[in-house]
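The listed protein sequences correspond, in order, to chains A and B. Going by my numbering, the final residue of the first sequence carries number 114, and the count climbs one at a time with no gaps. Going by my numbering, the final residue of the second sequence carries number 1114, and the count climbs one at a time with no gaps. We treat Cβ as the ideally placed atom computed from N, Cα and C, and that holds for glycine. Taking it in order: structure first as structure tokens, then the write-up.
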Amino acid sequence: GESVGLHLPTLSVQEGDNSIINCAYSNSASDYFIWYKQESGKGPQFIIDIRSNMDKRQGQRVTVLLNKTVKHLSLQIAATQPGDSAVYFCAERKRDTGRRALTFGSGTRLQVQP
Amino acid sequence: DGGITQSPKYLFRKEGQNVTLSCEQNLNHDAMYWYRQDPGQGLRLIYYSQIVNDFQKGDIAEGYSVSREKKESFPLTVTSAQKNPTAFYLCASSIVGQNNQPQHFGDGTRLSIL
């Protein structure tokens, strides 16, 4: 079935570098996307979201890019810090299903080396 | 502070036993959700509710039941019919009425089998 695809890799970066986490989605009917950060033993924490009528959205130190042509979503973290170490999930919501629940990918682990 | 409270943090189930996980929110959100997370995987939707006294099955509802008697509460019962209940259970809530609102999560309940 259609799903948000993110085969769980581990991304290791040096403190201060920029990080880019990628997500491929397969459902062209999705209209809303969210990035979450999950630390060990805790629930996912909202980072940033983007609607399908946008290509880019910026937050504090984070930027989300959406390429609908190739169904690709990315999260960029500037000046990565040790506190950014966590598992990052992308999630999508299908348009007009009446169901507001999200479909999640399997996550990427970000390790920040001091 | 407003938020979502899940209890207990750890729960153990014996064979043939039903157990109930609590989820309470004081965010005044209409919609609430239950997800299951297995190690190294993303979240899968069990049940969701968009209004009091109404709820819908998600993708993996078999072996689970819910109730929504109050806006702020959405308890999940893991029944003896759920043969593989060991997982991390996450409750979330969101605003209804505005199309693009992120879900906010509690810190989860980890259920294990004795």
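Is any beta-carbon of chain A found at less than 7 Å from that of proline 1075 of chain B?
no
Can you tell me whether glutamine 113 of chain A is buried or exposed, with buried defined as 16 or more other CB within 10 angstroms of its CB?
exposed
Reduced DSSP category for aspartate 49 of chain A - H, G, I as helix; E, B as strand; rest coil:
strand
Tell me, to the nearest whole angstrom, how far the beta carbon of arginine 95 of chain A is from that of serine 30 of chain A; I am working on the premise that it is less than 8 Å.
7 Å
Residues that isoleucine 34 of chain A contacts on chain B, provided the C-beta gap is smaller than 7 Å
Pro1102
Does the CB of phenylalanine 1105 of chain B have a neighbour CB from chain A at under 7 Å?
yes
If you reduce the DSSP assignment to three classes, tell me which class aspartate 84 of chain A lands in.
helix
Three or more C-beta pairs under 8 Å: does that hold for the region 1080-1098 of chain B against the region 1007-1021 of chain B?
yes
Bridge partners for histidine 72 of chain A per DSSP, in chain order?
A/Ala24, A/Asn67
Distance check for isoleucine 1060 of chain B and leucine 102 of chain A, CA to CA, integer angstroms please.
14 Å
Serine 40 of chain A - DSSP class collapsed to helix/strand/coil
coil
So the beta strand (DSSP E) alanine 1092 of chain B belongs to, where does it begin and stop?
1087-1094
How many angstroms separate the CA atom of glutamine 1101 of chain B from the CA atom of isoleucine 1095 of chain B?
6 Å
Closer than 7 Å, Cβ to Cβ, to anything on chain B: give me those residues from the region 37-67 of chain A, in chain order.
Lys42, Gly43, Pro44, Phe46, Asp49, Arg51
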